[in-house]
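Report on one structure; see the data block that follows.
Number of protein chains: 2
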Amino acid sequence: MTVQENPKITDIGSLGKNALIQRLTEGFTAKNKSTVIGLGNDASAVGQGKTKTVVGTAMMVEGIHFDMTYTPLQHLGYKAVALAVSNIVAMNALPRQIMVSLAVSSRYSVEALDELFAGIRRFCQRYDTDLTGCDLCSSVAGLTLSVTAIGEADKARITGCGGAKVHDLLCASGDFGSAYAGLLILEREKATYKGNPQFQPDFSSHEYVLERFLKPEPRTDIVKWLADNDIVPTSMTNVADGLADAAMHLCQESHCGCEIYEERIPIDYGTSHVCSDFGTNMLPVSLALNGGMDNELLFSISQSDYEKIKACPNIAIIGHITEQNRGAIMVTPQNTAIQLKSQGRSPAETAVQ
Amino acid sequence: MTVQENPKITDIGSLGKNALIQRLTEGFTAKNKSTVIGLGNDASAVGQGKTKTVVGTAMMVEGIHFDMTYTPLQHLGYKAVALAVSNIVAMNALPRQIMVSLAVSSRYSVEALDELFAGIRRFCQRYDTDLTGCDLCSSVAGLTLSVTAIGEADKARITGCGGAKVHDLLCASGDFGSAYAGLLILEREKATYKGNPQFQPDFSSHEYVLERFLKPEPRTDIVKWLADNDIVPTSMTNVADGLADAAMHLCQESHCGCEIYEERIPIDYGTSHVCSDFGTNMLPVSLALNGGMDNELLFSISQSDYEKIKACPNIAIIGHITEQNRGAIMVTPQNTAIQLKSQGRSPAETAVQ
């Protein structure tokens with residue numbers, strides 16, 4: 004009945020995710036004095052006092068971000084909250100509250116939702132976070148979770164994506180590619196199981212990568228360590244869609260380039276093990292750059308903080324910030340410069356689809 | 004592969020929405036001193052200073068909350084934001100920022116999303132609200148919108164659901180049942196159109212109820228009027244799932260009862276007109292009590308504010324607060340007391356399904 008007369012129809016897949024967001028949000032400018040940090044960052048920072056409120060969100064859609072064949076509901080509840088909290092952690096803030104909304108189909112029982120909330124409860128206990136909101140609605144198909152995480156940070160410590168300066172050091176927490184490696188194992192076992200329902204999946208020796216995919220943790224430990232050591236990063240972002248996407252995002256928002264040294268990218272043995280399982284065509288560094296779902300922090304610090312940062316066993320210095328015209332590149336051990344490319348969306352999504 | 008051994012399977016439809024939320028959130032207690040108002044309210048109030056940050060959310064799922072056959076995308080964007088903002092307005096706060104997340108299937112074009120964001124832009128301009136976050140992901144089917152609204156209010160003015168006292172006056176903004184009346188018209192015309200695609204829908208004389216459903220407005224005017232007149236309600240909630248559900252919710256959270264006078268419930272002529280169109284079985288008061296989607300405020304004030312409130316043309320005094328053991332009742336013009344019943348979920352959802 005609504006007649007849509009639209010001469011031009013552009014497929015949403017034809018723009019990358021980042022380009023599409025940029026197009027949709029073009030011209031929106033912040034006017035309120037309580038808006039401290041907004042569009043282009045992992046979360047919003049708002050408020051009028053010295054301590055700012057930081058608000059971040061995460062949405063998880065069944066069939067896109069998770070597959071109920073192999074996702075324990077407790078882990079799913081935990082993970083949805085962890086992803087939202089990771090977005091405020093990436094602003095150098097610590098979580099205080101979460102609000103959870105679910106769209107749920109009648110396929111799910113009350114007991115299934117009990118399980119989901121057991122995971123949310125476990126997260127809240129572990130990270131001293133209060134559940135302050137819960138809403139439910141129906142869904143035509145499957146389960147969608149939307150989590151809003153609220154945290155706080157001193158204004159002087161809040162870190163957005165846009166402050167990296169030339170010669171800053173580029174640092175990363177944890178390791179990269181392991182969550183995607185976990186997803187590959189789960190998808191492989193699922194495919195085998197479909198062919199033979201008597202099949203018993205074999206997850207031995209893959210515990211680490213499976214946990215990385217199914218139950219990620221927000222890096223509040225890094226935020227606390229940085230505060231304890233009096234370091235304020237110049238820029239920071241959550242690595243959600245691969246290291247390449249995160250590095251390019253920091254560079255774009257900070258109007259700079261970066262050089263990442265391939266041999267400095269932290270890759271767990273478990274990830275390499277999965278790659279060798281899958282054959283020679285799969286390189287661990289490709290998973291690290293493009294895998295997604297790592298839920299780690301990528302951030303830049305001033306060179307003057309080098310001595311402090313090198314003492315932290317949980318942070319790796321993987322490169323440095325350069326002039327914008329150099330672009331975002333990775334330097335191989337053979338000294339070849341490779342231009343980083345963003346997949347624009349998480350390959351994990353594609354894989355689950 | 005994940006073996007779910009669950010001896011008891013309870014259908015989620017067997018508990019009402021409110022009872023299910025209560026079950027899932029049982030035992031969650033707030034521990035952070037920055038948590039001011041949490042579970043059981045329309046939004047969260049957080050922060051350490053005198054001015055608190057208020058955070059509310061809303062989720063809209065295609066096929067449940069909206070039907071693309073008759074929903075203009077601009078209106079949809081506007082409405083999704085209006086619903087989230089209404090939840091913070093119901094805490095007696097004013098909106099400052101919004102964050103939007105979309106899960107979108109490939110059926111939607113870039114131009115369709117442009118339309119959606121034109122509606123969001125219009126809302127932001129009208130309500131001086133900054134868009135501070137935007138995220139996109141894929142969806143298996145249809146469109147899901149999740150909006151987080153952020154606002155602020157002085158700690159002394161923030162109003163939750165739990166403060167109503169016996170003898171307080173029960174007040175309401177706007178009118179009730181009209182949004183649901185609008186939905187009935189849209190569904191009727193859709194059904195006729197399906198039977199005869201040459202059919203031209205007739206919306207004449209129903210403009211008001213259609214606008215109430217398709218493009219609701221948050222009642223920031225009421226929040227401002229209350230502040231200008233130095234009135235702090237003792238309790239307040241957003242009427243999202245019908246007046247009965249809202250009244251029962253206030254009573255439950257405030258441990259009180261209420262009496263609503265049927266002839267005092269504001270019902271627009273347009274709503275009555277729809278009811279007479281649909282036949283004698285449909286009573287305007289039923290739509291007001293159970294219709295849902297009205298997006299109006301229900302609140303209680305101290306009797307000492309009576310003189311001030313009766314001067315406001317946009318607020319109706321519809322009843323008063325009683326002892327808890329009286330329950331939540333409606334008194335008819337014939338002086339019959341009818342116990343209010345909550346549908347537990349929006350009938351609008353059921354109708355769209």
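Same order as they appear, the protein sequences are chains A and B.
4 is the number of the first residue of the first sequence in our numbering; add one for each residue after it.
4 is the number of the first residue of the second sequence in our numbering; add one for each residue after it.
Built from N, CA and C at the ideal position, the CB exists for glycine as well.
Chain D contact for residue i (CB, 9 Å cutoff)
| i | result |
| --- | --- |
| Asp297 of chain A | This model lacks chain D altogether; the protein chains it does include are A and B. |
Status (buried if at least 16 other CB within 10 Å, exposed otherwise) for residue i
| i | result |
| --- | --- |
| His78 of chain A | buried |
| Lys82 of chain A | buried |
| Gln356 of chain B | Confidence at Gln356 of chain B is low in this model, with a pLDDT of 30, below 50, so its placement is unreliable and the value that follows should be read with caution. So Gln356 of chain B ends up on the exposed side. |
| Glu155 of chain A | buried |
| Ser349 of chain A | A caution first: Ser349 of chain A carries a pLDDT of 46, below 50, which makes its placement in the model unreliable, though a value can still be read off. Classification of Ser349 of chain A: buried, given that the 10 Å Cβ count is 16 or more. |
| Ala351 of chain A | Confidence is the limiting factor: at Ala351 of chain A the pLDDT is only 42, short of 50, which leaves the residue's position unreliable and the question unanswerable from this model. |
| Gln342 of chain A | exposed |
| Ala340 of chain A | exposed |
| Pro287 of chain A | buried |
| Tyr1 of chain B | No answer is possible for residue 1 of chain B: the residues shown for chain B start at 4 and end at 356. |
| Ser17 of chain A | exposed |
| Gln306 of chain A | exposed |
| Thr353 of chain A | Because Thr353 of chain A carries a pLDDT of 40, less than 50, the predicted location of this residue cannot be relied on, and no value is offered for it. |
| Thr335 of chain B | exposed |
| Ser37 of chain A | buried |
| Pro316 of chain A | exposed |
| Ile12 of chain B | exposed |
| Asn232 of chain A | exposed |
| Gly282 of chain B | exposed |
Span of the beta strand (DSSP E) around residue i
| i | result |
| --- | --- |
| Asp138 of chain A | 133 to 141 |
| Pro98 of chain A | 97 to 107 |
| Ile304 of chain B | 299 to 304 |
| Thr339 of chain A | Neither: Thr339 of chain A is in no beta strand (DSSP E) and is coded neither H nor E. |
| His323 of chain A | 318 to 325 |
| Thr54 of chain A | 54 to 64 |
| Ser47 of chain A | 47 to 49 |
| Thr38 of chain A | 38 to 40 |
| Ala144 of chain A | Note, Ala144 of chain A: premise wrong, no beta strand (DSSP E); not H, not E. |
| Ala331 of chain A | 331 to 334 |
Contact check, residue i vs residue j, beta carbons under 9 Å
| i | j | result |
| --- | --- | --- |
| Lys227 of chain A | Leu97 of chain A | yes |
| Ser109 of chain B | Ile67 of chain A | no |
| Ala243 of chain A | Met296 of chain A | yes |
| Ile270 of chain B | Ala331 of chain B | no |
| Leu86 of chain B | Met63 of chain B | yes |
| Gly166 of chain A | Ser89 of chain A | no |
| Leu189 of chain B | Tyr73 of chain B | yes |
| Gly245 of chain A | Ala291 of chain A | yes |
| Thr151 of chain B | Gly59 of chain B | yes |
| Val107 of chain B | Ile123 of chain B | no |
| Asn21 of chain B | Ser257 of chain B | no |
| Gly294 of chain A | Ser181 of chain A | yes |
| Asp157 of chain A | Thr54 of chain A | yes |
| Asn298 of chain B | Arg222 of chain B | yes |
| Phe120 of chain B | Leu27 of chain A | yes |
| Ile91 of chain A | Phe126 of chain A | no |
| Ile324 of chain A | Cys259 of chain A | yes |
| Leu23 of chain B | Leu116 of chain A | yes |
Range of the contiguous alpha helix (DSSP H) that encloses residue i
| i | result |
| --- | --- |
| Lys313 of chain B | Note, Lys313 of chain B: premise wrong, no alpha helix (DSSP H); not H, not E. |
| Ile24 of chain B | 20 to 28 |
| Leu286 of chain B | It is not in any alpha helix (DSSP H) - Leu286 of chain B carries neither H nor E in the DSSP assignment. |
| Ala83 of chain A | 76 to 92 |
| Phe126 of chain B | 113 to 129 |
Any non-hydrogen atom of the ligand SAM within 8 Å of residue i CB
| i | result |
| --- | --- |
| Lys227 of chain B | No copy of the ligand SAM occurs in the structure displayed, which carries no ligand at all. |
### Message
As an exercise, report each continuous alpha helix (DSSP H) stretch of at least 4 residues that is fully enclosed by the segment 222 to 282 of chain B, in chain order.
### Response
Secondary structure remark: continuous alpha helix (DSSP H) runs of at least 4 residues inside the segment 222 to 282 of chain B, in chain order: 223 to 231, 246 to 257, 272 to 281.
### Message
Quick test of the definition: if touching needs 3 or more C-beta pairs under 8 Å, does the segment 65 to 80 of chain A touch the segment 206 to 223 of chain A?
### Response
yes
Touch check for the segment 157 to 177 of chain A and the segment 294 to 302 of chain A: three-plus C-beta pairs under 8 Å?
These segments touch.
Considering only residues of the segment 149 to 212 of chain B, which uninterrupted beta strand (DSSP E) runs meet the minimum length of 3 residues and lie entirely inside it, listed in chain order? 172 to 176
Tell me whether the segment 185 to 202 of chain B and the segment 127 to 135 of chain B touch, counting them as touching only if at least three CB pairs, one residue from each stretch, are closer than 8 Å. They do not touch, by the three-pair rule.
Quick one: any contact between the segment 157 to 169 of chain A and the segment 43 to 59 of chain A, if contact means 3 or more CB pairs under 8 Å? yes
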